[in-house]
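Here's the structure we're looking at; comments come further down.
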Amino acid sequence: MRWSQYFIPTLREDPADAEVVSHKLLLRAGVIRQLSAGIYSFLPLGQRIALKVMQILREEMNRIGGQEFYLPALHPAEVWQESGRWSAIGDDMFRLKDRKGADMCLGMTHEEIVTTIARNEIRSYKQLPQVWYQIQMKFRDEPRPRSGLMRLRTFIMKDAYTFDVDWEGLDRSFIDQREAYKRIFTRCGIRFSIVEASSGSMGGSESNEFVARTDAGEDLIASCPNCGYAANLEKATSRLPKIEDDAGPDGPDGSDGPEEFPTPGVKTIEDLARTPYLVAANRQIKSLVYFATIDGEPRPVLALLRGDHQLHEVKFGDALGSTAARPAHAEEIRELLGASAGSLGGVGAKANARKSNHNLLIVADLGLKDRRKMATGANKDDHHIRGVEIERDIEVDKWADLRTVESGEACPRCDTGVLEVFKGMEIGHIFKLGTKYSESMGANVLTADGKQAPIIMGSYGIGVERIITAAIEQSHDADGIIWPKSITPFDVIVTITNIKDEKLREAGEQLYKDLQHAGLDVLLDDRDERAGVKFKDADLIGIPYRVTVGKKIADSNVELFDRQAKQSENVAINEIVERVQKLALSA
RNA sequence: CGGGGCGUAGCACAGCCUGGUAGUGCGCUCGGUUUGGGACCGAGAGGUCGGAGGUUCGAAUCCUCUCGCCCCGACCA
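Numbering follows numbering that gives the first Met the number 0, with no gaps: position 103 of the first sequence is 102.
Printed below as a string of C-alpha cells:
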C-alpha cells in the first residue's frame, strides 16, 4: 500500500478518553476509532491486524480437526429458554423483539446454536467426536465497557465447541484445544499463563483461563514460581498455618461456653483487636450478610470468615450455586438479625432470622474449621460473644472456600512455594461443559451399547481484540507500538525521505515492488512529508522493519531499521530484499 | 446501579468562579523558505460552546432537566 493513498489517521497527542497504553496507541496509530462506549470500528490498519490474528486462529483450529461454521448473530429466545440461560443471564444480553413481538437476542455466545444443530443431526456415537468453530461477532451489554478494546460490547470471538460420546473423549478434546491455544498465543507473540478459573455461568466441571500478564489487566492471578501452580483469585487457594486453639476456658471468669460481653462502640474487627478487648483478628469470626439469588430466589446468606480474611464474592457465589449476590443493606441486616453490621455473628443467627420469617443460610469458610474459643458479634448492638466453638455453637449449612488468597501465602500444591499475585488479562478460556446443554436441550446419541446418552460438550473461546490489546500492552515503547511479526499489519515499511527527489522516489518504488514480489506485506511511505514526520509515524504504527531510502542511495545503500532493537544498519540495495525477507518471515 | 470527572474547531485544551465581539497550540488549505527524528514565515478556512427548557436587556458562563463519554466501585463466559 502507498501511505499517500492509505487511510492511517495518526494522532500526535494522546486522546483524552484513553487511559491504558494499548488504548492510547490504538487510537494514535490510526488502528481503531470509537463509535460508542465499548463499540469500535477497525480502520484499515486494524482490519489487517485482526485478519492476521484470525488467520492464525483458523490455522490452529483446522490443525486439530476443527470445522469452521458461520452462525447467526440474531437468535430466537426459544433456544435460550431451553437451556435456561434466557432467565439465568441478566442484563448482559442484548434483547429485542421482532415485528411480530417475538423475543429475540443478539448472541453473546453460541452453545445453544451448535447444540440445536447437533441434536437435529447427530444420531450416533459413530459421528463423534466433532470439533466445530466460528470466528464471529459476539454481543454483550457490559455494565461497564472500558480500556479501549479490553472490554467491549461487540467483539470478535473465536469460539469452538466439541462433542464427544464420553468423558474420556472430552478430556482428549480439551487437551487438543489447550495445546492449540498454547500455539496460538505463542505464535501471536504473547506471554501468557494457563490458570485454573471459575466456570461462572457457563457451567461445567473444569476450566482453564489463558491470561496475558499485564498491569492493564482486570484479573488477579495467584501463581507459584516453584511448582507452576497458577489460578485466578476467584479460584485460587493457599495453605494456611494451622492455628491451635488452647484447651480450657476462654472467658476471664473461667466460663467455657459462649459468653456475651459488652463492647460499646465496637464496630469492626480492628476495634475488637484493640485495648481493652485484645482479641486477635484471627480469633474473631467475620460475619457478612448477603442476598444471593439461588434457584431464582433471593435468599439471605450469612458468610463467616476468620477476622483477618477477606471474602471473595465469586467463590461465595460458586459455593452457593448463585448467579447473583449482593451485600445486604443496613436496614435489611437489622430486620434480619436485629443488630447493625458491626455486631453480627453466627450464634443464634438462624433463630433471629426466623423471627422475621427469613430462612437464613449460613456458609462458613474452611479456615474456620475446628476452631474454638472464637469471638464474634452477638446480634445485639454493642455486644459480642466469646468462647465460641464453631461446630458446637453455630448452625453452619455449608463449609466452603470463601477467602481471598493473598500474596506471600504458601502454595497449596508444593511444600516450599510462596504464592505471588499479579494482574493479568483474560485472553482465552476453555471449559469442559459436560452435559449442561445437551441434557437441557435434548442432544442425545446412541452409544455403542445401544443406549441414548447426552453428548459430552466442551466450549473454548478466544477474544481477537484482547489478543491485539495484550500484544500492545506487552510490546510497546515510548514511541509507539512494536508489533509481533506474526500479527503486524505490514511486514516492512519503505520510507522515502524526500519524495521530491526523483532518484529516491524511483529507488523507493522499485524496492516497494521487489519486496512485494518477495511475498511481503509492504507499506510505502510516499507522502510529501519531512523525514522526521515519517520516522515518527512509522515508529508509532509499529511496523517491525523500516527500510529508509535516502542520501545513502548515492552509495547504492539503504538503511534497515529494526523497530524492536531501535538500531539501524546500512545494507546494499541489491541485498536488502533477501535480508528483509529472511528477517520478516522468521518467527 | 452507587461515587467522581468531563462535554467549547479534526485533536489537546483555555475561557465559566465574577454574564457583555469565542480564544490558544497542533492538524488542515494557499504562498514562500526549508528537507534524516513530529521545520519556519505569511495569509486563510473551520465552532448549533452535547441537547432542551428557564433566569436575564444579554448566557459557553447562572438555574433545572436530559443525553453522551471517561475513571473508581458493584457486576461480568
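In this text, a Cβ means the ideal position worked out from N, Cα and C, and glycines have one as well.
Requested in this report: Determine the closest residue to F41 out of I155, M92, R325 and W85, with distance taken between C-alpha atoms.
Outcome: Residue mapping note: residue 41 aligns to position 42 of the first sequence, counting from 1. Measuring from the Cα of F41, the nearest candidate turns out to be I155.
Query raised in the report: If S146 sits next to E18, beta carbons under 8 Å apart, how far is it from one beta carbon to the other, in whole angstroms?
Result: To locate residue 146, count along the first sequence from 1; it is residue 147. To locate residue 18, count along the first sequence from 1; it is residue 19. About 7 Å; that satisfies the 8 Å criterion.
Requested in this report: Identify every run of the alpha helix (DSSP H) within the segment 508–584, keeping only runs that are complete inside it and at least 4 residues long; order them along the chain.
Outcome: 530–540 and 575–584
Query raised in the report: What are the start and end residues of the beta strand (DSSP E) that includes S21?
Result: As a position in the first sequence, residue 21 is number 22, starting the count at 1. It is not in any beta strand (DSSP E) - S21 instead sits in the alpha helix (DSSP H) that spans V20 to R27.
**Report entry** Straight-line gap, Y39 to K354 (C-alpha atoms, nearest Å)
**Finding:** The residue labelled residue 39 in the question sits at position 40 within the first sequence. The residue labelled residue 354 in the question sits at position 355 within the first sequence. Answer to the nearest angstrom: the Cα atoms are 54 Å apart.
Report task. Identify, in the order they occur along the chain, each residue of the same chain with its Cβ nearer than 7 Å to the Cβ of D520, setting aside the five sequence neighbours on each side. Result -> Within the first sequence, numbered from 1, the residue matching residue 520 stands at position 521. F489 and D490.
Query raised in the report: Hey, which unbroken runs of the beta strand (DSSP E) at 3 residues or more fall wholly within the segment 425–493?
Result: 443–445, 451–453 and 455–462
Query raised in the report: Taking the alpha helix (DSSP H) that T115 falls in, what are its first and last residues?
Result: By 1-based counting over the first sequence, the position of residue 115 is 116. Per DSSP, T115 belongs to the alpha helix (DSSP H) from E110 to E120.
Report task. Look up H382 in the DSSP assignment and give the residues it is bridged to. Result -> For the purposes of this step, residue 382 is identified with residue 383 of the first sequence, where counting begins at 1. DSSP output for H382 lists P261 as bridge partner(s).
**Report entry** Proximity of I31 and L148 at Cβ, strictly below 8 Å
**Finding:** For the purposes of this step, residue 31 is identified with residue 32 of the first sequence, where counting begins at 1. For the purposes of this step, residue 148 is identified with residue 149 of the first sequence, where counting begins at 1. The answer is yes: Cβ separation under 8 Å.
Requested in this report: Sort out for me which residues DSSP pairs W166 with in a bridge.
Outcome: Here residue 166 refers to the residue found at position 167 of the first sequence. Answer is none; W166 lacks a bridge partner.
Query raised in the report: the ligand NAD heavy atoms versus the CB of R152: any closer than 7 Å?
Result: Absence of the ligand NAD from the depicted structure is noted, as is the absence of any ligand whatsoever, leaving it without description.
Report task. Classify T607 as helix, strand or coil using the three-state DSSP reduction. Result -> No answer is possible for residue 607: the residues shown for the chain start at 0 and end at 586.
Report task. Could you tell me the boundaries of the beta strand (DSSP E) in which S82 lies? Result -> Stepping through the first sequence from its first residue, residue 82 is reached at position 83. Not the beta strand (DSSP E): S82 falls in the alpha helix (DSSP H), residues A76 to S82.
Query raised in the report: In three-state terms, what does DSSP make of Y124?
Result: Translated into positions along the first sequence, residue 124 becomes position 125. In this structure, Y124 counts as helix in the three-state DSSP scheme.
Query raised in the report: Between the C-alpha atoms of A377 and F421, what's the straight-line distance to the nearest angstrom?
Result: Taking the first sequence and counting its residues from 1, one reaches residue 377 at position 378. Taking the first sequence and counting its residues from 1, one reaches residue 421 at position 422. When rounded, the distance between both Cα atoms is 38 Å.
Query raised in the report: Is E195 closer than 8 Å to M424 when the C-beta atoms are compared?
Result: Indexing the first sequence from 1 puts residue 424 at position 425. Indexing the first sequence from 1 puts residue 195 at position 196. Going by C-beta atoms, M424 is not nearer than 8 Å to E195.
**Report entry** Extent of the continuous beta strand (DSSP E) run through N497
**Finding:** Residue mapping note: residue 497 aligns to position 498 of the first sequence, counting from 1. It is not in any beta strand (DSSP E) - N497 carries neither H nor E in the DSSP assignment.
Query raised in the report: By DSSP, does V288 sit in helix, in strand, or in coil?
Result: Position 289 of the first sequence, counted from the first residue, corresponds to residue 288. Looking at V288 - three-state DSSP - the assignment turns out to be strand.
Report task. Spell out the partners DSSP gives L50 in its beta bridges. Result -> Taking the first sequence and counting its residues from 1, one reaches residue 50 at position 51. For L50, which the question treats as bridged, DSSP gives no partner whatsoever.
Query raised in the report: What's the call for W79, buried or exposed, on a 16-neighbour Cβ count within 10 Å?
Result: Taking the first sequence and counting its residues from 1, one reaches residue 79 at position 80. W79 comes out buried.
Requested in this report: Apply the 10 Å Cβ neighbour rule to M136 and answer buried if 16 or more other Cβ atoms are within range, or exposed otherwise.
Outcome: Position 137 of the first sequence, counting from 1, holds the residue named residue 136. M136 should be labelled exposed.
Query - contact_flag[the segment 432–448, the segment 97–116] where n(CB pairs < 8 Å) is 3 or more - result: yes
Query - Limits of the unbroken beta strand (DSSP E) element including L303 - result: As a first step, residue 303 must be located in the first sequence, where it is residue number 304. Start and end: E296 to R305.
Query raised in the report: Where DSSP assigns a beta bridge to M103, which residues make up the other side?
Result: As a working note, residue 103 is residue 104 in the first sequence. Answer by DSSP bridge pairing, in chain order: P75 and L95.
Query - I552 to Q473 span [Cα, whole Å] - result: Taking the first sequence and counting its residues from 1, the one referred to as residue 552 is at position 553. Taking the first sequence and counting its residues from 1, the one referred to as residue 473 is at position 474. Each residue's alpha carbon lies about 36 Å from the other.
Query raised in the report: Taking the alpha helix (DSSP H) that L336 falls in, what are its first and last residues?
Result: Position 337 of the first sequence, counted from the first residue, corresponds to residue 336. Taken as a continuous stretch (DSSP letters only), the alpha helix (DSSP H) holding L336 covers A329 to L336.
Report task. Enumerate in chain order the residues of its own chain whose CB-to-CB distance from V313 is below 6 Å, with the five nearest sequence positions on each side excluded. Result -> Sequence index remark: in the first sequence, residue 313 carries index 314 (1-based). Result list for V313: S197 and E233, in chain order.
Query raised in the report: Roughly how many whole angstroms lie between the Cα atoms of P299 and E394?
Result: By one-based count along the first sequence, residue 299 stands at place 300. By one-based count along the first sequence, residue 394 stands at place 395. Their Cα atoms are separated by approximately 15 Å.
Query - Range of the contiguous alpha helix (DSSP H) that encloses D369 - result: Walking along the first sequence from the start, residue 369 turns up at place 370. Neither: D369 is in no alpha helix (DSSP H) and is coded neither H nor E.
**Report entry** Three-state class that DSSP yields for L10 in the structure shown
**Finding:** Locating residue 10 in the first sequence gives position 11, where the first residue counts as 1. In this structure, L10 counts as coil in the three-state DSSP scheme.
Query raised in the report: Between which two residues does the alpha helix (DSSP H) containing V30 stretch?
Result: The sequence position of residue 30 within the first sequence is 31, counting from 1. Run containing V30: none; DSSP gives neither H nor E here.
Query raised in the report: Using the C-alpha atoms, what's the distance from N358 back to A352?
Result: As a position in the first sequence, residue 352 is number 353, starting the count at 1. As a position in the first sequence, residue 358 is number 359, starting the count at 1. Roughly 6 Å between the two C-alpha positions.
Query raised in the report: Taking all protein chains shown into account, do 16 or more other C-beta atoms lie within 10 angstroms of the C-beta of T274, making it buried, or fewer, making it exposed?
Result: Indexing the first sequence from 1 puts residue 274 at position 275. The residue is exposed, with fewer than 16 neighbouring Cβ atoms inside 10 Å.
Query raised in the report: What's the C-alpha gap between F162 and Q566?
Result: Working through the first sequence from its first residue, we reach residue 162 at position 163. Working through the first sequence from its first residue, we reach residue 566 at position 567. Looking at the two C-alpha atoms, the distance is approximately 51 Å.
Report task. Determine, using beta carbons only, whether I492 and A28 come nearer to each other than 8 Å. Result -> For the purposes of this step, residue 492 is identified with residue 493 of the first sequence, where counting begins at 1. For the purposes of this step, residue 28 is identified with residue 29 of the first sequence, where counting begins at 1. Result no, Cβ atoms of I492 and A28 do not sit closer than 8 Å.
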